[in-house]
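Encoded as structure tokens, the structure appears first; notes follow it.
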Amino acid sequence: MKQIVTHADPDLDAIVSAWIAQDFLFQAHASEVLFVSRKVPEKFMQSADCLVDVGNRYEPENYRFDHKPPAFENRNSTCATRLIWEYLLDIGVAVRHLEGLVEITYQGDTHRNSEALKQSRIDGPHAKLKQLKAEYKDPTEIYQQMAFWLRSYTKNL
Ligand SMILES: [Mn+2]
Numbered sequence: 014m015k016q017i018v019t020h021a022d023p024d025l026d027a028i029v030s031a032w033i034a035q036d037f038l039f040q041a042h043a044s045e046v047l048f049v050s051r052k053v054p055e056k057f058m059q060s061a062d063c064l065v066d067v068g069n070r071y072e073p074e075n076y077r078f079d080h081k082p083p084a085f086e087n088r089n090s091t092c093a094t095r096l097i098w099e100y101l102l103d104i105g106v107a108v109r110h111l112e113g114l115v116e117i118t119y120q121g122d123t124h125r126n127s128e129a130l131k132q133s134r135i136d137g138p139h140a141k142l143k144q145l146k147a148e149y150k151d152p153t154e155i156y157q158q159m160a161f162w163l164r165s166y167t168k169n170l
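If you want the numbering used here, it's the 1-based position in the sequence shown plus 13.
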């Protein structure tokens, strides 16, 4: 079982980057998403098959995708979702259709703004995550429901 690690109280960047790892990086391999403290316990730094939005490292070849210093001097220059998406594009995985989702996730994670982001907060991924967080406390439950929703949402992109 491949282990994908991200942070507890997951925001959209954590959820979408973990989902991209699960569905497009590991694909047919069974994988699970674990939610840990933002200061990642050392055992997960070593043993996780993939870290997204935690760990402060950007090492795509080792599947470490964080955008916070020292990985990037300015954490708002990119986001975990964009980093794993760009890596998959580079290695030829068919993820181009996720571009709009990546863009609104990036904008929301880095205090940007756009009509698409406003719409996402009304009835898109940001709204869906907010609703699930009000409904459930367990991050695994939130993640699983969100992943299910994202698979359907991205089918029509
Ligand atoms: Mn992030």
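Virtual Cβ for every residue (Gly too), placed ideally from N, Cα, C.
Anticipated Cβ contact below 8 Å, M159 with L170, distance rounded | About 16 Å separates the two Cβ atoms, so there is no contact after all.
For A27, verify whether its CB is less than 8 Å away from any heavy atom of ligand 1.
-> Distances between the C-beta of A27 and the heavy atoms of ligand 1 include at least one below 8 Å.
Which whole-angstrom value is the C-beta distance of H20 and D66, which I expect to be below 8 Å?
-> About 6 Å separates the Cβ atoms of H20 and D66, confirming a contact at the 8 Å cut-off.
Run through the stretch 51-100 for me and flag every whole beta strand (DSSP E) of 3 or more residues, listed as ranges in chain order.
-> 63-65
Taking F57 as the reference, give the member of Q40, H42, H124, R77 with the closest Cα.
-> R77
Nearest CA to the CA of Q40: which residue from A27, P54, L96, M14?
-> M14
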